[in-house]
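> For this note's numbering, count along the sequence shown from 1 and bump the result up by 673.
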Amino acid sequence: MAPKGWKAIRVLDSHTAGEPTRLVLDGGPDLGGGPLAERLELLRSDYDWLRSAVVNEPRGSDVIVGGLLCEPMDRNCTAGIIFFNNVGYLGMCGHGTIGLVASLAYLGRIQPGAHRIETPVGEVSTTLHANGEVTVANVASYRHAHNVTVEVPGYGSVTGDVAWGGNWFFLVTAHTHPYALERAQVEELTAYTWAIRRALARAGVTGADGAEIDHIELYGPSPKGANSKNFVLCPGGAYDRSPCGTGTSAKLACLQADGRLREGESWRQASILDTEFRGAFTLREGRLYPEITGRAWITAEAELLFDPADPFCQGIR
Ligand code: PYC
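1. If I'm right that residue 732 touches residue 988 with Cβ under 8 Å, what's the distance once you round it to whole angstroms?
2. Below 8 Å on the Cβ atoms is my guess for residue 704 versus residue 772; work out the distance and round it to an integer in Å.
3. Taking the alpha helix (DSSP H) that residue 922 belongs to, which residues open and close that run?
4. Can you look up residue 852 in the DSSP assignment and give me helix, strand or coil?
5. What are the start and end residues of the alpha helix (DSSP H) that includes residue 771?
6. Could you tell me the alpha carbon to alpha carbon distance between residue 953 and residue 797, rounded to whole angstroms?
7. Say yes only if the C-beta of residue 766 is nearer than 8 Å to one or more non-hydrogen atoms of ligand 1, and no if none qualify.
8. To test your reading of the DSSP string, which unbroken beta strand (DSSP E) runs of 3 or more residues are found completely within the stretch 890-918?
9. May I have a chain-ordered list of the alpha helix (DSSP H) segments no shorter than 4 residues that lie completely inside the stretch 852-885?
10. Suppose the cutoff is 7 Å on Cβ atoms and the five residues either side in sequence are ignored; what does the same chain contact list for residue 801 look like?
11. If we count the other Cβ atoms within 10 Å of its Cβ and call it buried at 16 or more, is residue 862 buried or exposed?
12. Under 6 Å Cβ to Cβ from residue 769, same chain only, skipping five residues before and after it: list those, please.
13. I'd like to confirm something about residue 738: is its beta-carbon nearer than 8 Å to some heavy atom of ligand 1, or not?
14. Here's the rule I'm using: 16 or more other beta-carbon atoms within 10 Å means buried, otherwise exposed. How should residue 928 be labelled?
15. Would you list the one or two residues that DSSP bridges to residue 888?
16. Could you spell out the range, first to last residue, of the beta strand (DSSP E) harbouring residue 1009?
17. Please state whether the Cβ-Cβ distance between residue 899 and residue 942 is less than 9 Å.
18. Could you have a look at residue 722 and say whether DSSP puts it in helix, strand or coil?
19. Going by alpha carbons, who is nearest to residue 869 out of 760, 759, 826, 918?
20. Hey, would you say residue 809 sits closer than 9 Å to residue 920, going by beta carbons?
21. Using the Cα positions of residue 990 and residue 893, report the straight-line distance between them to the nearest angstrom.
22. Are there 16 or more other CB atoms within 10 angstroms of the CB of residue 955, so buried, or fewer, so exposed?
23. Within the 9 Å Cβ cut-off, does residue 925 reach chain D?
24. Can you give me the C-alpha to C-alpha distance between residue 946 and residue 691, rounded to a whole angstrom?
25. Take every Cβ of the stretch 877-892, pair it with every Cβ of the stretch 838-850, and state whether three or more of those distances are shorter than 8 Å.
26. Mind reading off the beta-carbon distance from residue 940 to residue 688? Whole number of angstroms is fine, and I expect it under 8 Å.
27. Helix, strand or coil: how does DSSP classify residue 818 here?
28. Mark residue 836 as exposed unless 16 or more other C-beta atoms lie within 10 angstroms of its C-beta, in which case mark it buried.
29. Strictly by DSSP, which residues pair up with residue 751?
30. On the CB-based measure, 16 or more other CB atoms within 10 Å of its CB, does residue 820 come out buried or exposed?
31. For residue 952, write down the residues that DSSP places opposite it in a beta bridge.
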């Protein structure tokens with residue numbers, strides 16, 4: 674038990690295809706029972722310390738994605754979730770949703786079957802399979818802009834597509850960089866994609882309604898026989914160890930727009946670690962709904978402790 678005056682927050686850690694998720698089970702602030710988008714804004718404005726304290730050093734690292742487990746507004750949903758990282762908040766998170774469902778199963782709160790989850794960008798349907806895999810039926814995804822070219826200082830011109838998959842992505846289609854999509858090159862790939870992100874911001878290239886593009890994806894061939902292998906730069910500068918659920922959703926939207934993938938066809942997306950998600954999509958009322966399947970593994974159950982006298986009680990920002 675935490676000493677008097679200290680705060681304690683119970684978390685469950687997992688990784689999905691290598692990418693970690695830290696689920697906050699209790700000890701978080703009371704955000705009321707409104708829509709998840711409103712609760713996210715309250716968390717951001719009044720309780721941002723929670724985000725930093727849970728995922729940043731010294732308790733976490735730049736790589737961890739946190740998820741605050743919330744009561745859903747719609748009682749037919751299994752849970753609500755607000756995802757965050759080392760620098761801010763995510764609309765949706767594919768690997769994190771797979772981690773959430775695996776975590777709820779580990780806790781004995783759900784059984785194999787369908788489970789609806791509320792997120793700040795809408796409701797997603799999930800299926801927990803008997804073999805432990807999880808399918809996430811994501812929010813509607815689409816390509817927003819095709820063949821956008823920006824000048825990237827030190828690298829030359831880079832062309833790609835802007836797409837929504839629950840977060841905003843720039844998917845580089847012209848591979849002008851000299852690096853292989855391999856773990857040995859993650860430093861170079863990180864510097865390259867970070868330079869692209871800054872160039873997009875400088876050039877005023879955004880998602881819909883001026884939304885910042887905060888995820889950059891590179892693609893290449895997969896040596897393990899997947900349809901594609903990627904490198905995804907996340908908003909805080911870390912790279913996604915998983916194939917990125919929202920990034921794969923954005924990719925599916927671009928493939929469909931290019932006539933390269935049809936409804937119901939399967940797409941194997943590998944990550945920089947060569948872990949994989951399976952993707953496919955359905956079309957309803959002219960909108961594309963991706964389905965992403967992957968697996969998460971539980972790594973820790975813990976109580977995070979917060980001594981108010983600790984100078985880094987709220988994390989190193
Ligand atoms: O899987 O959607 C995802 C994701 C977003 C950021 C890190 N992972």
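The beta carbon of each residue, even a glycine, is placed where N, CA and C say it ideally should be.
Working from what's here:
1. Walking along the sequence shown from the start, residue 732 turns up at place 59. Walking along the sequence shown from the start, residue 988 turns up at place 315. Contact flag correct, Cβ pair sits at about 7 Å.
2. Within the sequence shown, residue 704 is the residue found at index 31, counting from 1. Within the sequence shown, residue 772 is the residue found at index 99, counting from 1. Between residue 704 and residue 772 a beta carbon distance of about 21 Å is seen, past the 8 Å cut, so the two are scored as non-contacting.
3. For this step, residue 922 is matched to residue 249 along the sequence shown. The continuous alpha helix (DSSP H) containing residue 922 extends over residues 918-930.
4. The count along the sequence shown starts at 1 and reaches residue 852 at position 179. Coil.
5. Position 98 of the sequence shown, counted from the first residue, corresponds to residue 771. Start and end: 767-779.
6. Here residue 953 corresponds to residue number 280 of the sequence shown, with the count starting at 1. Here residue 797 corresponds to residue number 124 of the sequence shown, with the count starting at 1. Near 15 Å, if we compare the C-alpha coordinates of residue 797 and residue 953.
7. Position 93 of the sequence shown, counting from 1, holds the residue named residue 766. Yes - ligand 1 has a heavy atom lying nearer than 8 Å to the Cβ of residue 766.
8. 901-906
9. List check, alpha helix (DSSP H) in window: 859-876.
10. Against the sequence shown, residue 801 aligns to sequence position 128. Once the five neighbours on either side are set aside, the close Cβ partners of residue 801 are 774, 778, 783, 785, 786, 788, 807.
11. Taking the first residue of the sequence shown as 1, we reach residue 862 at position 189. It is buried - the Cβ of residue 862 has at least 16 other Cβ atoms within 10 Å.
12. Counted from its first residue, the sequence shown places residue 769 at position 96. These residues qualify, in order along the chain: 694, 738, 740, 756.
13. Counted from its first residue, the sequence shown places residue 738 at position 65. Indeed, a heavy atom of ligand 1 lies less than 8 Å from the Cβ.
14. On the sequence shown, residue 928 is found 255 positions in, with the first residue counted as 1. Looking at its Cβ environment, which holds 16 or more other Cβ atoms inside 10 Å, residue 928 is buried.
15. By 1-based counting over the sequence shown, the position of residue 888 is 215. Paired residues: 842.
16. The requested residue 1009 does not occur in the structure, where the chain is confined to residues 674 to 990.
17. Here residue 899 refers to the residue found at position 226 of the sequence shown. Here residue 942 refers to the residue found at position 269 of the sequence shown. Contact flag set, yes.
18. Looking up residue 722 in the sequence shown gives position 49. In the displayed model, residue 722 falls within a helix according to three-state DSSP.
19. In the sequence shown, residue 869 corresponds to position 196, counting from 1. Residue 869 has its Cα closest to that of 826, out of 760, 759, 826, 918.
20. Residue 809 sits at position 136 when you count from the first residue of the sequence shown. Residue 920 sits at position 247 when you count from the first residue of the sequence shown. No Cβ-Cβ contact shorter than 9 Å links residue 809 with residue 920.
21. Along the sequence shown, read from residue 1 onward, the residue named residue 990 stands at position 317. Along the sequence shown, read from residue 1 onward, the residue named residue 893 stands at position 220. Cα to Cα, residue 990 sits roughly 34 Å from residue 893.
22. Numbered from 1 along the sequence shown, position 282 holds the residue referred to as residue 955. So residue 955 ends up on the exposed side.
23. The chain inventory of the structure shown lacks chain D, comprising one protein chain alone.
24. For this step, residue 946 is matched to residue 273 along the sequence shown. For this step, residue 691 is matched to residue 18 along the sequence shown. Distance from the CA atom of residue 946 to the CA atom of residue 691, rounded to whole angstroms, is 8 Å.
25. Yes, they touch.
26. Taking the first residue of the sequence shown as 1, we reach residue 940 at position 267. Taking the first residue of the sequence shown as 1, we reach residue 688 at position 15. At roughly 22 Å, the Cβ-Cβ gap does not stay under 8 Å, so residue 940 and residue 688 are not in contact.
27. Taking the first residue of the sequence shown as 1, we reach residue 818 at position 145. Residue 818 falls in the strand class under three-state DSSP.
28. On the sequence shown, residue 836 is found 163 positions in, with the first residue counted as 1. It counts as buried.
29. Stepping through the sequence shown from its first residue, residue 751 is reached at position 78. Residue 751 is not bridged to any residue.
30. For the purposes of this step, residue 820 is taken as residue 147 along the sequence shown, with counting starting at 1. Label assigned to residue 820: exposed.
31. As a first step, residue 952 is located in the sequence shown; it is residue number 279 there, counting from the start. Its beta-bridge partners are 940, 965.
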